Amino acid sequence: MNKLVDTKKNGSFKIFNGTLIFRISLSYSSTVLGSPLSPASELSRETVHKIMDSETGYQPLLLRLDSHSHIPNLSSDTIEELLEQRPIELRWWPQLVAWESRLLWLLSGASIVVSIFNYMLSFVTLMFTGHLGPLELAGASIASVGIQGLAYGIMLGMASAVQTVCGQAYGAKKYSAMGIILQRAIILHLGAAMILTFLYWFSGSFLKAIGQSESIAEQGQVFARGIVLQLYAFAISCPMQRFLQAQNIVNPLAFMSVGVFLLHVLLTWLVVYVLDFALLGAALTLSFSWWLLVLLNGLYIILSPTCKQTWTGLTLKAFKGIWPYFKLTLASAIMLCLEIWGSQGLVLISGLLSDPTISLDTISICTNYLNWDMQFMLGLSAAASVRVSNELGAAHPRVAKFSVIVVNGTSILISIVFCAIILICRVALSKLFTSDSRVVEDVSSLTPLLAISVFLNGIQPILSGVAIGSGWQAVVAYVNLASYYVIGLTIGCVLGFKTTLGVAGIWWGMILGVIVQTATLIILTARTNWDAEVEKAVARIKRSAEDETLHPLIDNE
């Protein structure tokens, strides 16, 4: 037998004649998705080959890695060691992809359900208002995009800081810090909600100030005032959901989101059509449904034994170190707001075109379908963020990099399928929102551009999720500013107002902005030194040891 070289004091892996060699002294107490693997379950292999090298003290254990083997039950520690080997035989790669895909879908499957059904609350509300009339749909759409979308971008962006810090805390097994981080996030979110309340209440003046017609602005204000309470639900729900996702607790969130959605459909139909409360009734029902979601999320965190280690009750420690956490929150909010507001700004601009009601209806319907696709990708993005932050916190740079590759490949394949569906069902999709023949025709003509945007959605949100998991929010904020506003918005305005393209020209501007952003994120990710990212994550944890919370700073060095 050839001599094997021991590279680690406590044990390591080597490939010998297609077999994974495992040093006897290696500890098997590892974690997969937060659940310890018992030594007994790891060592009980019928395929263990007893070959011993007296000089090195190595014993080959196939660990189901022979020609009839399966990788799924191995831990991240094991996979990290395996990925260190050079070269890795081709036959292991399908099983490694299957291993990462399994973990990814355990997280993203439920996360996708949560994202889609949370978004569907607003989506269904707009569908009901669309059948009240074109003016009501235009008013609700402009309020949903210009007012609610602005607030949602801020809340979602701020909550991504919870995803970064809690994800790395969970990977480092610093569980007690997570509840403190959640409380700190909710405090800052509620402060932001109070400031945004004025925008909601006086939204009519704001919409008229940016050039919307008086009739559309009036309907928009009615809808915006009805969803003021939803703003405060956002402020609590967004951090709580990221807190649970960072712990890989996603299935309960999915059940709650589906249940609330089904109730919301029934209540909206009852309030809008049976009780005839029209636009205001639809908005108030949306607020009620979001508060019901907050109540369910909160009860789960407080009462569930799965959160016993991470939620230890209210504490004044949440106010300690709030300033450095605020800086991370601010960078996170800017990063996602610039991204979300870029597309929403194009919707607002469409209201300045000739025949604004038709233009607004057309672009808002297409944007709603794009947002629906975005929710699916945000589920994958959330899973990518959790996987990367957990692995960086656990000092597994190679697994983190491998996770990035697998999740991007998965999302691109899904986007191709979605593009085909949009192109095939272009007329049917527009008729779900309106029966106006001109709007249906305009939406159908815009669907090829919508399909391009959907394909780009298969790459860009996933890379943003990787950035969140790694703590790169400040860098990506600059990228978003340049791509969406300097490039996308400028080109969209020129094509929309200076050519005959109209709405299509505005959409082309958005596409070009996303292409620039996606290309930049690909370069940033490809050039990343994942070993250095692990060192940064470890440094955050060490600097935070005294106050039992992570040092929530973005490392740009």
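To convert, count from 1 in the sequence shown and add 97; that's my numbering. Every residue, glycine too, gets a C-beta built ideally from N, C-alpha and C. The structure displayed is predicted, hence computed values, not measured ones.
Residue ranges of uninterrupted alpha helix (DSSP H) with 4 or more members, entirely inside the segment 398 to 450 and ordered along the chain, are 419 to 447. The beta carbons of Q265 and G490 sit closer together than 7 Å. In this structure, DSSP gives K270 a state outside helix and strand, which the three-state scheme calls coil.
In the structure shown, F515 adopts helical secondary structure according to DSSP, grouped into three states.
By the Cβ test, the segment 477 to 489 is not in contact with the segment 569 to 584, since fewer than three Cβ pairs between them sit closer than 8 Å. E233 sits buried, since 16 or more C-beta atoms from the chains shown fall within 10 Å of its C-beta. With respect to I278, K414 sits apart: the two C-beta atoms are not nearer than 7 Å. For I307, the secondary structure class from DSSP, reduced to helix, strand or coil, is coil. With three or more CB-CB distances shorter than 8 Å, the segment 291 to 300 counts as touching the segment 318 to 325.
A direct Cα-Cα distance of roughly 10 Å separates N577 from S561. Taking C-beta separations shorter than 8 Å and ignoring five residues to either side along the sequence, the partners of V368 in its chain run F374, G378, A379, L381, T382, following chain order. When the Cα atoms are used, A601 and F473 turn out to be separated by approximately 24 Å. Across the set W388, I209, S447, W189, the C-alpha of I209 shows the shortest separation from the C-alpha of V347. With a minimum length of 4 residues, the unbroken runs of alpha helix (DSSP H) contained wholly in the segment 518 to 589 fall at 523 to 528, 534 to 554, 557 to 567, 570 to 577. Taking A480 as reference, the option from P494, V501, G418, G288 with the minimal CA-CA separation is V501.
Counting only residues of its own chain and dropping the five nearest sequence neighbours on each side, K405 has no CB closer than 8 Å to any other CB.
By the Cβ neighbour-count rule, H228 is exposed, with fewer than 16 other Cβ atoms within 10 Å of its own.
Bounds of the alpha helix (DSSP H) holding G610 are 600 to 623. Pairwise C-beta distances place the segment 393 to 411 out of contact with the segment 545 to 555, as fewer than three of them are shorter than 8 Å. In the three-state DSSP reduction, H286 falls in the helix class (H, G or I). A237: member of the alpha helix (DSSP H) spanning 231 to 240, first to last residue. In its chain, beyond the 5 residues on either side, V551, F552, N554, G555 have a beta carbon closer than 7 Å to the beta carbon of S512.
Using a Cβ distance threshold of 7 Å, F358 and M217 count as a contacting pair.
For L376 and S219, the gap between their C-alpha atoms comes out near 13 Å. Runs of the alpha helix (DSSP H) lying entirely within the segment 186 to 235 and spanning at least 4 residues, in chain order: 190 to 227. In the structure shown, H493 falls within a coil segment according to DSSP collapsed to helix, strand and coil. Cα atoms of G243 and T464: separation of roughly 13 Å, rounded to the nearest angstrom.
Residue environment analysis places W605 among the buried positions, since at least 16 neighbouring C-beta atoms fall within 10 angstroms of its C-beta. The Cβ neighbour count for E197, taken over all protein chains shown within 10 Å, is at least 16; the residue is labelled buried. DSSP, read as helix, strand or coil, puts V262 in helix. Between A306 and A332, the gap from beta carbon to beta carbon reaches 7 Å or more. Assignment of alpha helix (DSSP H) within the segment 460 to 486, counting only whole runs of 4 or more residues, yields no such run. Distance from the CA of N394 to the CA of V325, rounded to the nearest whole angstrom, comes to 20 Å. Distance check between I313 and each of G230, M607, A517, G506 places G230 closest, using alpha-carbon atoms only.
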